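Per the UniProt record's numbering, the very first residue in the sequence shown carries number 1; after that it's consecutive. In what follows, a single structure is set out as structure tokens and then discussed.
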Amino acid sequence: DVAKALKEIIHLPFCFPKTFKKLGLSVPNGVLLIGPPGVGKTLMVKAVAKEVGAYLFCISGPAFYGSRPGESEENLRRAFEKGREMSYEGPTILFIDEVDSLCPKRGSSNNAPENRIVAQLLTLLDGTGNKGKMVVIASTNRPDALDPALRRPGRFDREVIIGTP
Numbered sequence: 001d002v003a004k005a006l007k008e009i010i011h012l013p014f015c016f017p018k019t020f021k022k023l024g025l026s027v028p029n030g031v032l033l034i035g036p037p038g039v040g041k042t043l044m045v046k047a048v049a050k051e052v053g054a055y056l057f058c059i060s061g062p063a064f065y066g067s068r069p070g071e072s073e074e075n076l077r078r079a080f081e082k083g084r085e086m087s088y089e090g091p092t093i094l095f096i097d098e099v100d101s102l103c104p105k106r107g108s109s110n111n112a113p114e115n116r117i118v119a120q121l122l123t124l125l126d127g128t129g130n131k132g133k134m135v136v137i138a139s140t141n142r143p144d145a146l147d148p149a150l151r152r153p154g155r156f157d158r159e160v161i162i163g164t165p
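This is how it looks when you write it as structure tokens:
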């Protein structure tokens with residue numbers, strides 16, 4: 001069951017951080033939800049956040065593009081800052097919907113702004129660590145279009161595939 005797996009990935013580390021540390025288990029830095037459009041990826045994140053009692057901060061990949069140079073990267077930094085602030089109050093999920101639109105493969109186009117956004121997200125994910133209680137979840141229906149660096153350990157450590165019902 002996908003919802004159960006997602007809940008365990010998020011809930012257990014938030015509720016039992018000392019046990020996780022003692023057992024040498026890694027707390028996920030990020031979770032990537034993969035599935036076709038319309039299967040309920042966003043709805044599932046909202047339901048899991050409610051069930052585990054986590055704050056939920058949602059951002060849409062396409063909505064982050066700014067009109068002036070550097071604005072998109074600044075928007076992303078602010079979102080992570082807000083998520084970190086919330087995480088000191090309690091468990092927090094920072095959800096990036098349609099992350100593939102925000103972070104396509106670098107080199108697939110000569111688009112310098114997109115490359116800077118990918119680099120910024122990589123830096124932010126590397127700095128997330130386990131300070132506070134925040135996990136980053138992103139969704140995509142096009143994992144092949146996503147920059148591969150995002151799927152390396154320490155970034156989106158876990159992948160959850162959601163099939164059609």
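By construction, the Cβ of each residue, glycine as well, lies at the ideal position given by its N, Cα and C atoms. Treat the numbers as computed from the prediction; the structure is a model and nothing was measured.
Restricting to runs no shorter than 3 residues, where is the beta strand (DSSP E) found entirely within the segment 80-160? You should have 92-97 and 134-140.
Exposed or buried, what is residue 95 when buried is set at 16 or more other beta-carbons lying within 10 Å of its beta-carbon? Locating residue 95 in the sequence shown gives position 95, where the first residue counts as 1. Label assigned to residue 95: buried.
Enumerate in chain order the residues of its own chain whose CB-to-CB distance from residue 161 is below 7 Å, with the five nearest sequence positions on each side excluded. Your numbering for residue 161 matches position 161 in the sequence shown. Counting only residues of its own chain and dropping the five nearest sequence neighbours on each side, residue 161 has a CB closer than 7 Å to the CB of 34 and 35.
With 16 other CB atoms within 10 Å as the buried threshold, where does residue 22 fall? Numbered from 1 along the sequence shown, position 22 holds the residue referred to as residue 22. Exposed is the label assigned to residue 22, since fewer than 16 other Cβ atoms lie within 10 Å of its Cβ.
Of all the options 11, 85 and 115, which has the alpha carbon lying nearest to the alpha carbon of residue 103? In the sequence shown, the residue the question calls residue 103 occupies position 103. Nearest option by C-alpha distance: 115.
May I have the straight-line CA-CA distance separating residue 42 from residue 81, to the nearest angstrom? Here residue 42 is taken as the residue at index 42 of the sequence shown, counted from 1. Here residue 81 is taken as the residue at index 81 of the sequence shown, counted from 1. Approximately 22 Å between the Cα atoms of the pair.
Do residue 2 and residue 44 count as a contact pair if the criterion is CB distance below 9 Å? The sequence position of residue 44 within the sequence shown is 44, counting from 1. The sequence position of residue 2 within the sequence shown is 2, counting from 1. Yes, the pair counts as a contact, with Cβ atoms nearer than the cut-off.
Can you grab the Cα-Cα spacing for the pair residue 77 / residue 69, in whole Å? Residue mapping note: residue 77 aligns to position 77 of the sequence shown, counting from 1. Residue mapping note: residue 69 aligns to position 69 of the sequence shown, counting from 1. In this structure, the CA atom of residue 77 is about 14 Å from the CA atom of residue 69.
Cβ distance (whole Å) where residue 79 is taken to contact residue 93 below 8 Å: For the purposes of this step, residue 79 is taken as residue 79 along the sequence shown, with counting starting at 1. For the purposes of this step, residue 93 is taken as residue 93 along the sequence shown, with counting starting at 1. Between residue 93 and residue 79 the Cβ distance is about 12 Å, and since that is not below 8 Å, they are no contact.
I need the straight-line Cα distance from residue 20 to residue 11, nearest angstrom please. The sequence position of residue 20 within the sequence shown is 20, counting from 1. The sequence position of residue 11 within the sequence shown is 11, counting from 1. Computed Cα separation, rounded: 12 Å.
Three-state secondary structure assigned by DSSP to residue 27: The residue given as residue 27 occupies position 27 in the sequence shown. The answer is coil: DSSP assigns residue 27 none of H, G, I, E or B.
Assuming residue 59 is part of the beta strand (DSSP E), what are its boundary residues? One-based indexing of the sequence shown puts residue 59 at position 59. First-last of the beta strand (DSSP E) with residue 59: 55-60.
In three-state DSSP terms, what is residue 9? Residue 9 sits at position 9 when you count from the first residue of the sequence shown. Judged by DSSP in its simplified three-state form, residue 9 adopts helix.
Compute the Euclidean distance between the alpha carbons of residue 53 and residue 155, then round it to the nearest angstrom. Looking up residue 53 in the sequence shown gives position 53. Looking up residue 155 in the sequence shown gives position 155. Here the alpha carbon of residue 53 sits roughly 23 Å from the alpha carbon of residue 155.
Can you tell me whether residue 140 is buried or exposed, with buried defined as 16 or more other CB within 10 angstroms of its CB? One-based indexing of the sequence shown puts residue 140 at position 140. With 16 or more other Cβ atoms within 10 Å, it is buried.
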